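Below is one structure, written out as structure tokens; the observations come after it.
Number of protein chains: 2
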Amino acid sequence: MNSFVLKGNVLFSENLDRIGAYPDHFLVCEDGLCRGVFRELPERYALLPVTDYGDNLIIPGLVDLHIHAPQYAYRGMGMDLELMDWLQQQAFLEEAKYADEAYANRAYSMFAEQMKKSATTRASIFATQHRGATEILMDLLEETGLVTCVGKINMDQDAPDDLIEPSADISAYNTIGWINHTSGKYQRTKPILTPRFIPSCTKQLLEKLREVRRTYDLPVQSHLSENPGEVALVKQLFPEAAFYGHCYDRYDLFGRKPESEFTGETIMAHCVYSTDEEIRLLKQNGVYVAHCPASNMNLSSGIAPIRMYLELGLRVGLGSDVAGGQTESIFRAMTDAIQVSKLYWRLVDKSSKQLIFDEVFYLATRGGGAFFGKVGSFEDGYEFDALVLNDAGLPHPQKLNLHQRLERFAYLSADSDGIVSKYVAGKRIL
Amino acid sequence: MNSFVLKGNVLFSENLDRIGAYPDHFLVCEDGLCRGVFRELPERYALLPVTDYGDNLIIPGLVDLHIHAPQYAYRGMGMDLELMDWLQQQAFLEEAKYADEAYANRAYSMFAEQMKKSATTRASIFATQHRGATEILMDLLEETGLVTCVGKINMDQDAPDDLIEPSADISAYNTIGWINHTSGKYQRTKPILTPRFIPSCTKQLLEKLREVRRTYDLPVQSHLSENPGEVALVKQLFPEAAFYGHCYDRYDLFGRKPESEFTGETIMAHCVYSTDEEIRLLKQNGVYVAHCPASNMNLSSGIAPIRMYLELGLRVGLGSDVAGGQTESIFRAMTDAIQVSKLYWRLVDKSSKQLIFDEVFYLATRGGGAFFGKVGSFEDGYEFDALVLNDAGLPHPQKLNLHQRLERFAYLSADSDGIVSKYVAGKRIL
Chain Z
0 MNSFVLKGNV LFSENLDRIG AYPDHFLVCE DGLCRGVFRE LPERYALLPV TDYGDNLIIP
60 GLVDLHIHAP QYAYRGMGMD LELMDWLQQQ AFLEEAKYAD EAYANRAYSM FAEQMKKSAT
120 TRASIFATQH RGATEILMDL LEETGLVTCV GKINMDQDAP DDLIEPSADI SAYNTIGWIN
180 HTSGKYQRTK PILTPRFIPS CTKQLLEKLR EVRRTYDLPV QSHLSENPGE VALVKQLFPE
240 AAFYGHCYDR YDLFGRKPES EFTGETIMAH CVYSTDEEIR LLKQNGVYVA HCPASNMNLS
300 SGIAPIRMYL ELGLRVGLGS DVAGGQTESI FRAMTDAIQV SKLYWRLVDK SSKQLIFDEV
360 FYLATRGGGA FFGKVGSFED GYEFDALVLN DAGLPHPQKL NLHQRLERFA YLSADSDGIV
420 SKYVAGKRIL
Chain V
0 MNSFVLKGNV LFSENLDRIG AYPDHFLVCE DGLCRGVFRE LPERYALLPV TDYGDNLIIP
60 GLVDLHIHAP QYAYRGMGMD LELMDWLQQQ AFLEEAKYAD EAYANRAYSM FAEQMKKSAT
120 TRASIFATQH RGATEILMDL LEETGLVTCV GKINMDQDAP DDLIEPSADI SAYNTIGWIN
180 HTSGKYQRTK PILTPRFIPS CTKQLLEKLR EVRRTYDLPV QSHLSENPGE VALVKQLFPE
240 AAFYGHCYDR YDLFGRKPES EFTGETIMAH CVYSTDEEIR LLKQNGVYVA HCPASNMNLS
300 SGIAPIRMYL ELGLRVGLGS DVAGGQTESI FRAMTDAIQV SKLYWRLVDK SSKQLIFDEV
360 FYLATRGGGA FFGKVGSFED GYEFDALVLN DAGLPHPQKL NLHQRLERFA YLSADSDGIV
420 SKYVAGKRIL
């Protein structure tokens, strides 16, 4: 079971700056794992069923390291608001509705359905502070076949009363209840510890979350150095911290620590304004940077220095950051990442070379995929996540090679049209 | 004939920063002209046929002030190339193919078909230097029902031999032949004088084009101050010019001139690096600035200071600039314009307020529409261009108002999905 062969035009990242292209090849999945790409099907796989996708493109699934499920309802709206107004008038107002589980079920059903149809195969997702709604979301996501981490948010200050948790103790108590109820419950859906961001959390809460993390060895996701106003606020709240990331790190919520025993997987979204010290700690602790270019434009945050992060060897993936970003499309995040890197080169730093298509494709597949293990490639031993893309809806008069076709698909197919079929961990879900 | 009533949710720009929204209203077209928007249908229109579009949105058609038809074939590809490499390896190579009229017919048929399905109702279009291919394009566009200006390019230097015209005389001769053959031939398709840009034109050619313009009183389109390398090249070629736009103006190719008799309609694409003097002349001569934000990102050009242009009262519209821009979607150009204005505020000039949705909607409708006359509004007397939009494909759990629905449609529907029907100058074409 979960062993089969796909035939088509196969592309995947061979390294950061090179996409390998294999026209009319065989791609083998055995027990949910990739066994490689072949010109001729090896004899040992001769008995596996073959699905012939003809002239379609086959690529690894895309990974979204940062998306807010409850914000999906208002994606692409209220974009003219400033960050703090946007949070107050839109994000918080909408998120408060998830206390109502009927509403949560309706809204999250739409989210799960759209994510299933999207190019995303794996995602790390923010829910709200509501345990009930978060479990509804996890149930729905499990049914889609996607592999996800889902976080019940922790926040006990700096938001309307109906949204914050009444105390650090209650926040921790609900979080532990949620973890106990959901860890191991699902095959594909896992809890992830999710302090909303430093301004939302009292020190008491952060201390509690440290204990939770030590007990359960969960991964962590949060926001970091997204915009200057937020960075200044954190400085004011934590004058004793050397830099923003230090606030998380003091509570063991910032990747690996040499002395600690937990695995340490951590995603920090944005990192637009990380200082040199913060960047060193991101690297030292193996923290994943979730680059969310659309959100950083929409909320007037700026442009993250991704070229530098890649040169320094940081772990980097892409995030849609719906609804800071307007769409769940990671194809769109890829091309946005290229475009803003070009503006960064032009307007900020001429020594920062623009990102190329092969690089953002790497970020969208292997870069973010590494957070989930051996994910994002068709090399032997990788988990089998694949998208089958039909680009026939994009007419052209001339002959195109596979690389051109993939680049064009990414630039022009921002929605789920053209995604013919989708496999996650060896299972066809679309 | 061409008199009818549409019913639905009507939105249009009332002024630069306000979209008016009229739920469940009647929109009257009489002899191809708009007669206004009504809550109750006035008695005098009671005999006109009514099409009820139910809960769909009805907005004025969008206007594309700058698009290259022959570049449509490679939209969304080769985006990692630098401007000069991109021109040499992609633009010029592809454009040379249009010497072959069979190829031109195949490629331009695809372009015309896609434009028909797009949100664009009117466009100003670059072809190539080939007269035959340009006339094929004009024939095809006329059939679509769109209203367009189409330019046979003039270029007699600084490109491969198979692309440039052999001399200024031959360029002018072919241009006059083309104008004589196409002026008045079509109902909806008009020739527009199109020097490619200053580096492509000898002074002899510009002098000839001045004469052509004086004789035929044609509108003009070209490129202006797109990126620093190009601006420096122009300075070198025209040391005597005070600024880039001055080169066009010396040859009466830059809008109105107080002493001249021709109407002077001129579109200049980009204007990212216009100097104060150039901006004064843009305003004085009533030149339209075609703002092409995607292209300015893709080619690492920068960000045009559109807020300043609006404050100074310049005429501004939007351009897709395919294939510098990857898509013909003017909805996408609208949201790109907002996004880059936010980065401009953040990275370049904190006094330059970000563009809001209502403003870019104005640019896409009335701003660019003015180039074509009374176009881009549903006020009494405007030509009747309308799009009917179905946003049911964008699920949401909450109640939305019309403004939210339109904003969301623009941010999320970058392709032609959701365009239910399309009217141009009172004629339904889709």
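Protein sequence lines, in the order shown, are assigned to chains Z and V. Numbering that gives the first Met the number 0 applies: residue 0 is where the first sequence begins, and numbers increase by one. Numbering that gives the first Met the number 0 applies: residue 0 is where the second sequence begins, and numbers increase by one. Where is the CB? At the ideal position from N, CA and C, for every residue including glycine. Since we're looking at a predicted model, the values are computed, not measured.
Answer with buried or exposed for residue i, where buried requires no fewer than 16 other C-beta atoms within 10 angstroms of its C-beta.
i, result
"His129 of chain Z", "buried"
"Ile58 of chain Z", "buried"
"Ala171 of chain Z", "buried"
"Gly375 of chain V", "buried"
"Glu229 of chain Z", "buried"
"Gly372 of chain V", "exposed"
"Leu311 of chain V", "exposed"
"His222 of chain Z", "buried"
"Gly323 of chain Z", "buried"
"Lys96 of chain V", "buried"
"Arg407 of chain V", "buried"
"Asp348 of chain V", "exposed"
"Glu42 of chain Z", "exposed"
"Gln113 of chain V", "buried"
Against chain V, with Cβ distances strictly below 7 Å, would residue i count as a contact?
i, result
"Leu346 of chain Z", "yes"
"Gln70 of chain Z", "no"
"Gly144 of chain Z", "no"
"Glu206 of chain Z", "no"
"Arg407 of chain Z", "yes"
"Gln338 of chain Z", "yes"
"Val391 of chain Z", "Per the sequence shown, residue 391 of chain Z should be read as Ala rather than Val. False, the Cβ-Cβ gap to chain V never drops below 7 Å."
"Phe360 of chain Z", "no"
"Phe356 of chain Z", "yes"
"Gln403 of chain Z", "yes"
"Met296 of chain Z", "yes"
Could you list which residues in chain Z have their beta carbon closer than 9 Å to that of residue i, in chain order?
i, result
"Arg306 of chain V", "The premise fails here: Arg306 of chain V is roughly 13 Å from chain Z at the closest Cβ pair, so nothing lies under 9 Å."
"Tyr102 of chain V", "Pro396, Gln397"
"Ala363 of chain V", "None at all; the shortest Cβ gap to chain Z is about 15 Å."
"Ala106 of chain V", "His395, Pro396, Gln397"
What residues of chain V sit near residue i, judged by a beta carbon separation below 8 Å?
i, result
"Arg17 of chain Z", "Simply none; closest approach about 12 Å."
Report the neighbours of residue i on chain Z: residues whose CB is nearer than 8 Å to its CB, in chain order.
i, result
"Ser351 of chain V", "Chain Z residues near Ser351 of chain V: none, gap ~11 Å exceeds 8 Å."
"Gln203 of chain V", "Ordered by position in chain Z, no residue passes the 8 Å Cβ test against Gln203 of chain V, which lies about 34 Å from the chain."
"Ile302 of chain V", "Leu342, Leu346"
By the criterion of Cβ-Cβ separation under 9 Å, what are the contact partners of residue i in chain V?
i, result
"Glu94 of chain Z", "Simply none; closest approach about 12 Å."
In chain Z, what lies closer than 7 Å to residue i by C-beta?
i, result
"Ser299 of chain V", "Lys341, Trp344, Arg345, Gln353"
"Ala118 of chain V", "In chain order: nothing, as chain Z lies at least about 15 Å away."
Counting only beta-carbon separations shorter than 7 Å, does residue i have a partner in chain Z?
i, result
"Ala90 of chain V", "no"
"Asp79 of chain V", "yes"
"Phe110 of chain V", "no"
"Met333 of chain V", "no"
Determine the closest residue to residue i out of the options, with distance taken between C-alpha atoms.
i, options, result
"Lys352 of chain Z", "Z:Met307, Z:Pro394, Z:Gly372, Z:Leu313", "Z:Met307"
"Leu205 of chain V", "V:Ser166, V:Ala409, V:Ala241", "V:Ser166"
"Leu386 of chain Z", "Z:Lys115, Z:Tyr71, Z:His290", "Z:Lys115"
"Gln70 of chain Z", "V:Leu86, V:Asp416, V:Pro394, V:Gln325", "V:Pro394"
"Gly150 of chain Z", "Z:Gln156, Z:Thr201, Z:Ser182", "Z:Ser182"
"Pro194 of chain V", "V:His245, V:Thr147, V:Leu252, V:Arg345", "V:Leu252"
"Ala158 of chain Z", "Z:Leu92, Z:Val233, Z:Leu56", "Z:Leu92"
"Leu32 of chain V", "V:Lys6, V:Gly417, V:Lys234, V:Phe383", "V:Phe383"
"Gly417 of chain Z", "Z:Ala118, Z:Arg17, Z:Ala90", "Z:Ala118"
"Leu5 of chain Z", "Z:Gly301, Z:Ser12, Z:Arg38, Z:Pro396", "Z:Arg38"
"Pro190 of chain V", "V:Gly144, V:Leu136, V:Phe242", "V:Leu136"
"Asp99 of chain Z", "Z:Glu134, Z:Gln88, Z:Met83", "Z:Glu134"
Show which residues of chain V have a CB atom less than 7 Å away from the CB atom of residue i.
i, result
"Gly75 of chain Z", "Glu406, Arg407, Tyr410, Leu411"
"Thr326 of chain Z", "Leu411"
Entirely enclosed alpha helix (DSSP H) segments - the segment 246-310 of chain Z, minimum 4 residues: 275-283, 292-297, 305-310
Segments assigned beta strand (DSSP E), at least 3 residues, entirely inside the segment 118-181 of chain V: Whole beta strand (DSSP E) segments, 3+ residues: 119-125, 146-150.
Whole runs of the alpha helix (DSSP H) within the segment 25-97 of chain V, excluding any shorter than 4 residues: 82-85, 91-95
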